[in-house]
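If you read the sequences in order, they're chains V and L.
Count along the first sequence from 1, add 711, and you get the number used in the numbering used here.
Count along the second sequence from 1, add 12, and you get the number used in the numbering used here.
Ideal placement from N, C-alpha and C gives every residue a C-beta, glycine not left out.
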Amino acid sequence: MADLMRSNGKIYVVVAVLGLVLIGLLFYVIILDKRMSRIEKEGKEK
Amino acid sequence: MDVPRVDNVRESIRNLYYHVPMWFGMVFLMLTSVVYSILYLKRQDLKYDIYAVQFANTAIVFGILGLTTGMIWAHFTWGYFWSNDPKQVNAAIALLIYFGYLLMRGSIVDDQQRAQLSAVFNIFAFSALVALLFIVPRLTDSLHPGSDGGNPGFDTSDVDTRMRIVFWPAVAGFTLLGVWITSLHVRITLYRNKILGISE
Chain V
712 MADLMRSNGK
722 IYVVVAVLGL
732 VLIGLLFYVI
742 ILDKRMSRIE
752 KEGKEK
Chain L
13 MDVPRVDNVR
23 ESIRNLYYHV
33 PMWFGMVFLM
43 LTSVVYSILY
53 LKRQDLKYDI
63 YAVQFANTAI
73 VFGILGLTTG
83 MIWAHFTWGY
93 FWSNDPKQVN
103 AAIALLIYFG
113 YLLMRGSIVD
123 DQQRAQLSAV
133 FNIFAFSALV
143 ALLFIVPRLT
153 DSLHPGSDGG
163 NPGFDTSDVD
173 TRMRIVFWPA
183 VAGFTLLGVW
193 ITSLHVRITL
203 YRNKILGISE
């Protein structure tokens with residue numbers, strides 16, 4: 712793993728960082744989805 | 013796009029397009045958040061409180077991503093995930109203060125009281141952020157680049173012109189992405205309050 716990350720001029724470090732940013736933002740949007748589902752349910756109950 | 017050859021950083025120099033815009037985005041979003049907090053204190057409208065907390069939420073997500081992407085980058089360039097670099101430590105302290113902001117909000121039941129107290133807390137939190145990220149680093153040395161590491165900004169000698177062409181649009185793009193996701197959170201919260209009959 713460490714060798715892979717240091718191969719090809721450490722380009723996989725950029726891949727890891729970009730991947731983490733995308734996963735993080737995706738996770739934040741999933742939270743939004745969950746909040747919307749909860750609010751839809753609250754609206755129906757009312 | 014060609015990039016400068018820097019020993020020990022090598023191709024990972026391109027992390028400038030992903031790691032650094034997280035911090036720029038975080039600062040812009042926290043600034044927006046504190047502006048809404050001041051607006052709340054001035055107009056006493058709960059709508060501004062919702063804007064303030066949602067901008068702070070997104071800013072914290074950006075901050076966590078900035079910190080974690082920085083740790084990965086640090087591991088393969090400085091040798092350690094965490095080297096107690098002044099900028100690492102200060103950013104972590106700033107995030108802890110904002111966690112305190114969210115904790116405080118979570119512990120108050122009354123809407124008006126929560127809005128009032130957290131607006132004041134937000135002003136202190138943002139002041140601390142400015143001190144931690146823009147003043148303290150100038151007084152010390154750091155592993156980070158930027159006029160021997162101390163300078164939180166960077167000038168012509170720190171960032172290659174070719175990289176700026178990608179860097180600034182990346183800052184704008186990630187910040188606007190954050191603003192957009194925040195606006196979705198705000199809209200759904202306002203809608204919830206409307207259907208549940210909570211006054212604004």
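Asked	Found
Helix, strand or coil: which one does DSSP assign to L:Gly-91?	coil
Less than 7 Å between the C-beta atoms of L:Thr-89 and L:Val-21, yes or no?	yes
Using CA atoms only, rank isn't needed, just tell me which of V:Ile-741, V:Gly-720, V:Ser-718 is closest to L:His-197.	V:Ile-741
Pull up the distance between the alpha-carbon of L:Tyr-60 and that of L:Ile-177, whole angstroms please.	35 Å
Applying a beta-carbon distance threshold of less than 9 Å, which residues of chain L neighbour V:Ile-750?	Ile-200, Thr-201, Tyr-203, Arg-204, Ile-207, Leu-208
Whose C-beta lies closer than 8 Å to the C-beta of L:Phe-74 among residues of the same chain, with five residues either side of it excluded?	Met-34, Trp-35, Gly-37, Met-38, Leu-41, Phe-186, Gly-190
Counting only the same chain and skipping the five closest in sequence on each side, list residues whose C-beta sits under 8 Å from that of L:Ile-25.	Val-15, Pro-16, Val-18, Met-175
What number of angstroms, rounded off, separates the C-alpha of L:Phe-136 from the C-alpha of L:Arg-55?	19 Å
Using a Cβ cut-off of 9 Å, which residues of the stretch 83 to 111 of chain L contact any Cβ in chain V, in chain order?	Ile-84, Trp-85, His-87, Phe-88, Thr-89
Rounded to the nearest angstrom, how far is the Cβ of L:Leu-218 from that of V:Val-725, given a contact under 8 Å?	The first residue shown for chain L is 13 and the last is 212, placing residue 218 of chain L beyond what the model contains.
Using a Cβ-Cβ distance under 7 Å, would L:Ser-24 count as near chain V?	yes
Within the 7 Å Cβ cut-off, does L:Val-73 reach chain V?	yes
Mind checking if V:Gly-735 is an interface residue toward chain L, Cβ cutoff 7 Å exclusive?	yes
Start and end of the alpha helix (DSSP H) containing L:Ser-24?	Per DSSP, L:Ser-24 belongs to no alpha helix (DSSP H) and is neither H nor E.
Pull up the distance between the alpha-carbon of L:Glu-23 and that of L:Asn-205, whole angstroms please.	49 Å
With respect to the alpha helix (DSSP H) encompassing L:Ile-147, which residues constitute its N-terminal and C-terminal limits?	Looking at the DSSP string, L:Ile-147 is not in any alpha helix (DSSP H), and its letter there is neither H nor E.
What does L:Met-34 touch in chain V if you count any residue whose Cβ is under 8 Å from its own?	Val-732
By the criterion of Cβ-Cβ separation under 7 Å, what are the contact partners of V:Leu-715 in chain L?	Within 7 Å Cβ-Cβ: nothing; V:Leu-715 doesn't reach chain L, min ~11 Å.
Could you check how far apart the C-beta atoms of L:Asn-102 and L:Val-148 are, in whole angstroms? I think they sit under 8 Å.	6 Å
Cβ of V:Ile-742 within 6 Å of any heavy atom in the ligand ZN?	The ligand ZN is not among the ligands present in this structure, which contains no ligands whatsoever.
Is the Cβ-Cβ distance between L:Leu-144 and L:Ala-106 less than 7 Å?	yes
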